[in-house]
Amino acid sequence: MPQYPPEPFRIKSVEHVGNISRKERERALKAAGYNVFGLRSDQIFIDLLTDSGTGAMSDRQWAAMMRGDESYAGASSYYRLKEAIDKIFGFKFFVPTHQGRAAENILCSQLVTPGVYVPNNMHFDTTQGNILARGGRPENLVIDEAADPSNPHPFKGNMDIEKLEAFIARVGAENIPLGMITITNNAGGGQPVSLENMHQVSEVYHTHGIPFFIDACRFAENAYFIKMREKKYKRRSILEITQETFGLSDGATMSAKKDAIVNIGGFLAMNDEELFQGVSNELILREGFPTYGGLAGRDLDAIAVGLWEGMDEAYLEYRIGQTAYLAACLREVGIPIIEPPGGHAVYIDAGRMFPHIPKEQFPGQALAVELYLEGGIRGVELGSVMFSQVDPESGETRHPPLELVRLAIPRRVYTQAHLDTIADVVARVKKRGKKVRGYRFTYAPKLLRHFTARFEPV
Ligand SMILES: *Cc1c(COP(=O)(O)O)cnc(C)c1O
Numbered sequence: 296m297p298q299y300p301p302e303p304f305r306i307k308s309v310e311h312v313g314n315i316s317r318k319e320r321e322r323a324l325k326a327a328g329y330n331v332f333g334l335r336s337d338q339i340f341i342d343l344l345t346d347s348g349t350g351a352m353s354d355r356q357w358a359a360m361m362r363g364d365e366s367y368a369g370a371s372s373y374y375r376l377k378e379a380i381d382k383i384f385g386f387k388f389f390v391p392t393h394q395g396r397a398a399e400n401i402l403c404s405q406l407v408t409p410g411v412y413v414p415n416n417m418h419f420d421t422t423q424g425n426i427l428a429r430g431g432r433p434e435n436l437v438i439d440e441a442a443d444p445s446n447p448h449p450f451k452g453n454m455d456i457e458k459l460e461a462f463i464a465r466v467g468a469e470n471i472p473l474g475m476i477t478i479t480n481n482a483g484g485g486q487p488v489s490l491e492n493m494h495q496v497s498e499v500y501h502t503h504g505i506p507f508f509i510d511a512c513r514f515a516e517n518a519y520f521i522k523m524r525e526k527k528y529k530r531r532s533i534l535e536i537t538q539e540t541f542g543l544s545d546g547a548t549m550s551a552k553k554d555a556i557v558n559i560g561g562f563l564a565m566n567d568e569e570l571f572q573g574v575s576n577e578l579i580l581r582e583g584f585p586t587y588g589g590l591a592g593r594d595l596d597a598i599a600v601g602l603w604e605g606m607d608e609a610y611l612e613y614r615i616g617q618t619a620y621l622a623a624c625l626r627e628v629g630i631p632i633i634e635p636p637g638g639h640a641v642y643i644d645a646g647r648m649f650p651h652i653p654k655e656q657f658p659g660q661a662l663a664v665e666l667y668l669e670g671g672i673r674g675v676e677l678g679s680v681m682f683s684q685v686d687p688e689s690g691e692t693r694h695p696p697l698e699l700v701r702l703a704i705p706r707r708v709y710t711q712a713h714l715d716t717i718a719d720v721v722a723r724v725k726k727r728g729k730k731v732r733g734y735r736f737t738y739a740p741k742l743l744r745h746f747t748a749r750f751e752p753v
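Convert by adding 295 to the 1-based position in the sequence shown; the result is the number in the numbering used here.
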């Protein structure tokens, strides 16, 4: 039996969940256009759509919220958040934003112009969308091992340094206003990036005069993987690893809804003063004054506490252990998953689970639908629905390498029995085999289409 890590907390408050019948689930799904984003939460038993903003805040975070200072300018909440961000990340400037994509949008407003290129190990959907929306070209340069779901490489989120060098040589450093890396690599399976790799990435970007920004959403989980898997850092604290990581970069975008364990919030940090001035002006136009940035003072206090809680080693051991436990349970019942499991989620390889469904008919979409019908479980497709792109030059559709369904684990929310139930449901879906059909669009918007698209069974 796989080992379940005991929770380093006890439960003080609980939330009721619905568990409707299969007939009702069938009706709900049809009404939602077979898109699980269109379901109501009270139609769901176990919600693994995302780990974003779905975590349980601690008693200390709720207590901190009572201290929230709602002053328009110069609130003490802002200074408490600033102290945490200064100590942990060490950037010269930051602005709060209402979430991660707002930080991306504001950063892109200053740096991305039509025709420029932005390399990354792999862009997350909102980052890709924000770059495309300004006419930029996102480029993914993760190592080849990332596309092989059975390769046990300990840092499958790493950038391919040779590919990065070749890419810069091909498009020209002058056409790259910023270079990024995403830790952990959400779009590629929540896989970590090694500190060695980040040192190399930083050196390549800086040799070419390209500002280096980290998509920092899961920086603490990434640091824990570094501590566990990168020998050199075995005895270093999560804080020390984090400081070394961000010391390599020129700035970061952060969704606090991830490793800061809050329900809303984010920030954009940077060292360049001129950039900060441009960012502040754009922020005032779109989000709010630079000492609150679209959030309430109490939200800033919750983030300030959550950043430290997200870096607590006992918490991280439980957090990463929970993901490993679910992966082990799925493995036991023969489900193909991305190996090794990542930090915040287990990714089922729907392409391998349903080899009879072609990419054009979205095997991941089919699995997401089945999990809901079978057990009221909501996961999310990360495959051709979310990531296929029409190449601007050739007009051809480029499919992502893998057709995945992500089961994201909200922080401090579900118990061992929930995880056991999930593995049971997936096993039952697998037994249906070839009876599971593919899907086609009946409606699809141009950008970030997975959120609002509608489907019908083929
Ligand atoms: C969640 C996420 C974002 C966007 O953050 P939001 O708060 O959802 O806007 C960006 N990058 C990565 C890697 C993410 O996981």
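Where a beta carbon is used, it is the ideal one built from N, C-alpha and C, also for glycine. Since the model is a prediction, treat every value here as computed from it, not as a measurement.
Asked	Found
Between the alpha carbons of residue 503 and residue 468, how many angstroms are there, rounded?	6 Å
Within 8 Å: the Cβ of residue 446 and any heavy atom of ligand 1?	no
From 383, 398, 384, pick the residue whose C-alpha is nearest to that of residue 390; which is it?	398
Do residue 706 and residue 359 have their CB atoms nearer than 9 Å?	no
Any chance you could list the alpha helix (DSSP H) runs of at least 4 consecutive residues sitting entirely within the region 626 to 661, in chain order?	645 to 648
Roughly how many angstroms separate the alpha carbons of residue 395 and residue 414, rounded to a whole number?	18 Å
What is the DSSP secondary structure of residue 593, counted as helix, strand or coil?	helix
Quick one: which unbroken beta strand (DSSP E) runs of 3-plus residues sit fully inside the region 416 to 494? Chain order, please.	432 to 435, 474 to 477
Which residues mark the beginning and the end of the beta strand (DSSP E) in which residue 550 is found?	546 to 550
Strictly by DSSP, which residues pair up with residue 684?	693
Short check: CB of residue 603 to CB of residue 306, under 9 Å?	no
For residue 691, which residues from the same chain have a beta carbon less than 8 Å from its beta carbon, with the 5 sequence-adjacent residues on both sides left out?	685
Taking the straight line between their C-alpha atoms, what separation do you get for residue 598 and residue 356?	8 Å
Is it buried or exposed, residue 345, if we count other Cβ atoms within 10 angstroms and call 16 or more buried?	buried
If you drop the 5 nearest sequence neighbours on each side, which residues of the same chain put their C-beta closer than 8 Å to that of residue 463?	414, 471, 499, 503, 505
Given 8 Å as the limit, is there contact between the region 643 to 652 and the region 722 to 738, that is, 3 or more CB pairs closer than that?	yes
Could you give the DSSP three-state label for residue 392: helix, strand or coil?	strand
Determine the extent of the beta strand (DSSP E) in which residue 734 is found, giving its start and end residues.	734 to 738
Pick from 363, 332, 313: whose alpha carbon is nearest that of residue 745?	332
Just confirm the distance between the C-beta atoms of residue 698 and residue 671, as a whole number of angstroms; I'd bet it's less than 8 Å.	Contact flag wrong, Cβ pair sits at about 23 Å.
Tell me which residues share the same chain as residue 481 and place their Cβ nearer than 6 Å to its Cβ, disregarding the 5 neighbours each side in the sequence.	419
Here's a check: name, in chain order, each residue in its chain whose Cβ is nearer than 7 Å to the Cβ of residue 548, leaving out the five neighbours to either side.	395, 398, 399, 402, 508, 510, 511, 563
What residue range is occupied by the uninterrupted beta strand (DSSP E) comprising residue 676?	675 to 677
Please report the distance separating the alpha-carbon of residue 754 from that of residue 628.	The question about residue 754 has no answer, for the chain in this structure spans 296 to 753.
Does the Cβ-Cβ distance between residue 320 and residue 611 come in under 9 Å?	no
Reducing DSSP to helix, strand and coil, say where residue 315 ends up.	coil
Is residue 396 close to ligand 1? I mean its beta-carbon at under 8 Å from any heavy atom of the ligand.	yes
Report back the beta-carbon spacing between residue 632 and residue 615 to the nearest angstrom; my notes put them in contact at under 8 Å.	About 15 Å; that fails the 8 Å criterion.
Can you find the residues in the same chain that come closer than 6 Å, C-beta to C-beta, to residue 753, ignoring five residues on each side of it along the sequence?	656, 732, 733, 735
Judging by CA-CA distance, which residue of 524, 617, 662 is the nearest neighbour of residue 630?	662
Measuring only from the beta carbon, is residue 404 closer than 8 Å to any heavy atom that is part of ligand 1?	no
Answer with buried or exposed for residue 313, where buried requires no fewer than 16 other C-beta atoms within 10 angstroms of its C-beta.	exposed
Which one or two residues does DSSP pair with residue 352 in a beta bridge?	None, per the DSSP bridge assignment.
I think residue 534 touches residue 494, with their Cβ atoms under 8 Å apart; what is that distance to the nearest whole Å?	No, residue 534 and residue 494 are not in contact; Cβ-Cβ is about 18 Å, not under 8 Å.
Along the chain, where does the alpha helix (DSSP H) that runs through residue 561 open and close?	Element bounds for residue 561: not the alpha helix (DSSP H) but the beta strand (DSSP E), 561 to 565.
Taking residue 375 as the reference, which of 363, 613, 425 has the closest Cα?	363
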